[in-house]
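Data first, discussion second: the structure below is written as structure tokens.
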Amino acid sequence: MNVTPDDGSLHSGNAKKYLGHRIVLRCRGELSFCGIARNILDINHRRGLLVETDSKSGFSVWCPLDYIKSVTIIPIPTGDSPPG
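Per the numbering used here, residue 24 is the first one in the sequence shown, and the count goes up by one each step.
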């Protein structure tokens, strides 16, 4: 499990390590989203992390990097490894 510091230091360089991983994204303002980190995008001149919350529909949430309070990687066991 990997958690970002709560000091606003998340930026595109260190946000890349979350891409492709299942995460819990905690935002300032007490919003939280779970899903797979898919991309780092610029929208309205702000860089943010795109999290796909539903893989069947492709529904995703974009959050500006400076609004992210923490990111936790959630390890998902494969068929080869037991949970725990």
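Glycine is no exception: its CB is placed at the ideal position from the N, C-alpha and C atoms.
Boundaries of the beta strand (DSSP E) around Gly71: 69-75.
Within a 10 Å sphere around the beta-carbon of Arg69 sit fewer than 16 other beta-carbons, which makes this residue exposed. The C-alpha of Asp77 is placed about 18 Å away from the C-alpha of Val94.
Between Ser80 and Val74 the beta-carbon gap is near 14 Å, outside 8 Å, which marks them as no contact. For the 7 Å CB-CB criterion, Ile97 and Arg49 do not form a contact. In the structure shown, Gly58 falls within a strand segment according to DSSP collapsed to helix, strand and coil. Here the C-alpha atom of Lys40 lies approximately 11 Å from the C-alpha atom of Leu33.
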